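Before any comments, here is the structure.
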Amino acid sequence: MKAHTSETQSTISPEKALNFLKEGNQRFVNNLKANRDLLEQVNATREGQWPFAVVLSCIDSRTSAELIFDQGLGDVFSIRIAGNFVNQDILGSMEFGCNVAGSKLVVVLGHTKCGALKGGLDAAKIEGMGMDNLNHLIDHFDPIIKTIMNDGEERSSANIELLERLNQHNVKNAIDDIRKQSSTLRRLEEEGQIKIVGANYDVETGVVTWL
-1 MKAHTSETQS
9 TISPEKALNF
19 LKEGNQRFVN
29 NLKANRDLLE
39 QVNATREGQW
49 PFAVVLSCID
59 SRTSAELIFD
69 QGLGDVFSIR
79 IAGNFVNQDI
89 LGSMEFGCNV
99 AGSKLVVVLG
109 HTKCGALKGG
119 LDAAKIEGMG
129 MDNLNHLIDH
139 FDPIIKTIMN
149 DGEERSSANI
159 ELLERLNQHN
169 VKNAIDDIRK
179 QSSTLRRLEE
189 EGQIKIVGAN
199 YDVETGVVTW
209 L
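Quick note: the numbering used here has the sequence shown finishing at residue 209, numbered continuously throughout.
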């Protein structure tokens, strides 16, 4: 399988880009990697890159987009931050990927048993550890947690049902933020030039579920 060129990228629709990732995850789960000459892909992309998708995922060591979607060099822009939320810099990276470099798909990828979301649920404990920047990061999830919690529900990472509910809502919240905070990406989606979708990776099975 060869690296994408500007010509092949131009023929990819948003739906086709999504199917590439779905098919890649099926190969990953079945332990059937596509046949790639990575050194050839290095040579093919040395003058430029034409990825078909932008994937925002967590920094979790088990959730590398290139691996779980079985993609090669030059196929995807991979943006990673603990808890897969968006900020202005990440939105700028997405705008570059789609509006400048021509990617056709934006994926917000959450995952089960997310440590960052566990930290959000256990914020009171984390804040007592004296890690200022980590405290700032997990505070991003507090408004979502307060919105989704039921009366009398235990706020704890040990509450597995709440953790996975938070995971799903966090992905949807990130997608809403992309559309609200980036007029560029919103316009591209409205024009049908890109799709913005959410997904969830199961760290126990390797399966990606599309939301």
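Glycine included, each C-beta is placed from N, C-alpha and C at the ideal position. Note that the structure is predicted; figures quoted are calculated from it, not measured.
Could you check what DSSP says for residue 210 in three-state terms: helix, strand or coil? The question about residue 210 has no answer, for the chain in this structure spans -1 to 209.
Based on the DSSP output, what are the partners of residue 11 in its beta bridges? Residue 11 pairs with nothing; no bridge assigned.
Using three-state DSSP, classify residue 109 as helix, strand or coil. strand
Bounding residues of the beta strand (DSSP E) (the contiguous stretch that carries residue 207): 206 to 208
Give me, in chain order, the residues of the same chain whose beta-carbon lies closer than 7 Å to that of residue 154; leave out the 5 immediate sequence neighbours on both sides. 119 and 120
Do residue 54 and residue 107 come within 8 Å of each other at the CB atom, strictly closer than that value? yes
Counting Cβ pairs closer than 8 Å, one from the region 184 to 204 and one from the region 126 to 136, do we hit at least three? no
Cα-Cα separation, residue 92 to residue 57: 17 Å
Length of the line joining the Cα atoms of residue 104 and residue 202: 24 Å
Beta-carbon proximity check, residue 81 vs residue 114, cutoff 8 Å: yes
At which residue ranges does the region 138 to 185 contain complete beta strand (DSSP E) runs of 3 or more residues, listed in the order of the chain? none
Span separating the alpha-carbon of residue 183 from that of residue 177: 7 Å
Beta-carbon gap between residue 64 and residue 52 smaller than 8 Å: no
Complete runs of the alpha helix (DSSP H) confined to the region 65 to 116 [at least 4 residues]: 86 to 93
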